[in-house]
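Quick note: the sequence shown, position 167, residue 169 per our numbering, numbers continuous.
Written below as structure tokens is the structure these notes are about.
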Amino acid sequence: MPANIAGSISQAEFVVSAVSAHDFPRETLPEIAIAGRSNVGKSSLLNALTGTSLARTSSTPGKTRMINFYRFQRAFFLVDLPGFGYAKVPKAESRKWKQLVNEYFERRPAIALVIHLVDSRMNPTALDLQFARWLDHLGMPRLIVATKSDKLSGRERDVQRRAISEAFGGEPVILSSAVTGAGSKEIWKRVADAARSVNPRRKSSEQ
Ligand code: GTP
Ligand code: MG
3 MPANIAGSIS QAEFVVSAVS AHDFPRETLP EIAIAGRSNV GKSSLLNALT GTSLARTSST
63 PGKTRMINFY RFQRAFFLVD LPGFGYAKVP KAESRKWKQL VNEYFERRPA IALVIHLVDS
123 RMNPTALDLQ FARWLDHLGM PRLIVATKSD KLSGRERDVQ RRAISEAFGG EPVILSSAVT
183 GAGSKEIWKR VADAARSVNP RRKSSEQ
């Protein structure tokens, strides 16, 4: 697919900002969730993938506090999860984050993939590894994407890709940049495969 994948062939639309499970969309479609630490580039990746600027981005960490649902081509949801691990967020706020994200993972019937973003410039933090273990525990299919690769030299990219992969037990890592569009095509392929692999109608009728 072309680099601005979404642009010519499809539509992305904002659906809802959920502050609790009560606000989650009634509609069941395959869902691709984008997760990771505050400021890692979740909203920017969503925009790069859809070729839009629907998701608000900011250099101030903790911008996205709600779960934002976008519908893509009327075929699946892209879900921008609030970031975790921002040091200045009070304890009560982190508890709310955990509760909201937990409700998301527990209640949505058709999560096809969780894209776990980490910063390509550093090794995954303890919180990143903890989050990955949580996903494993829940049996969530995941894809690790290392963002902001435009900030690294070619050699550093190789080194960091390997180091990050090792930290996650040898899982493949896609390097991406919302600035250059690097990685978008590969991520898009994984998204499309994952969305196709989930049959929401069967899943929800089994519940
Ligand atoms: P929260 O919503 O606060 O959790 O943050 P987020 O993960 O959604 O991050 P966001 O997309 O808002 O990006 C945070 C900052 O990083 C912004 O200043 C972006 O412009 C910048 N940024 C995001 N992706 C990239 C990238 O690939 N390359 C570069 N150079 N900057 C990026
Ligand atoms: Mg955001």
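The beta-carbon is built from N, C-alpha and C at its ideal position, and this holds for glycine as well.
Own chain partners of residue i with C-beta closer than 7 Å, once the 5 adjacent residues on each side are dropped
i	result
L154	S122, R123 and Q162
L56	A14, F16, N49 and Y72
A134	H118 and F170
W99	P84 and F86
E188	I176
N125	A165, I166 and A169
When the options are compared against residue i, the one with the closest alpha-carbon
i	options	result
V175	A35, L47, L129 and H118	H118
A114	W99, H24, A197 and A14	A197
I34	R58, L131, I146 and L129	I146
F86	Y72, F74 and R67	R67
D130	A169, V193, R97 and R109	A169
R132	H24, A37 and E158	Correcting the residue identity first, residue 132 is Gln in this sequence and not Arg. Taking only the C-alpha atoms, the option nearest Q132 is A37.
P143	R157, F107 and P126	F107
V181	E158, R159, D152 and D160	D152
V193	S61, H24, Q75 and D25	Q75
F79	V116, T127 and H139	V116
Sequence-distant residues of the same chain with beta carbon closer than 8 Å to residue i, five excluded per side
i	result
A148	L119, V120, D121, S122, Q162, R163, I166, V175, I176, L177 and S178
S22	L102 and E105
Residue i: first and last residue of the uninterrupted beta strand (DSSP E) it sits in
i	result
L140	Segment A128 to L140 is the alpha helix (DSSP H) holding L140; no beta strand (DSSP E) there.
L145	R144 to T149
A35	E33 to G38
Boundaries of the alpha helix (DSSP H) in which residue i is found, first to last residue
i	result
A77	That residue, A77, is in no alpha helix (DSSP H); it is neither H nor E in DSSP.
F86	Unbroken run through F86: none, as it is neither H nor E.
A165	G156 to A169
L51	K44 to T52
L103	Note that residue 103 is Val in the sequence shown here, rather than Leu. It spans K93 to R109 - the alpha helix (DSSP H) in which V103 sits, taken as one unbroken run.
D121	Careful: D121 lies outside any alpha helix (DSSP H), inside the beta strand (DSSP E) at I113 to D121.
V18	Element bounds for V18: not the alpha helix (DSSP H) but the beta strand (DSSP E), A14 to A20.
Contact check, residue i vs residue j, beta carbons under 8 Å
i	j	result
V200	P27	no
T59	S46	yes
K150	G43	yes
Contacts around residue i, its chain only, beta-carbon distance under 6 Å, and the 5 residues preceding and following it disregarded
i	result
N70	S19 and D82
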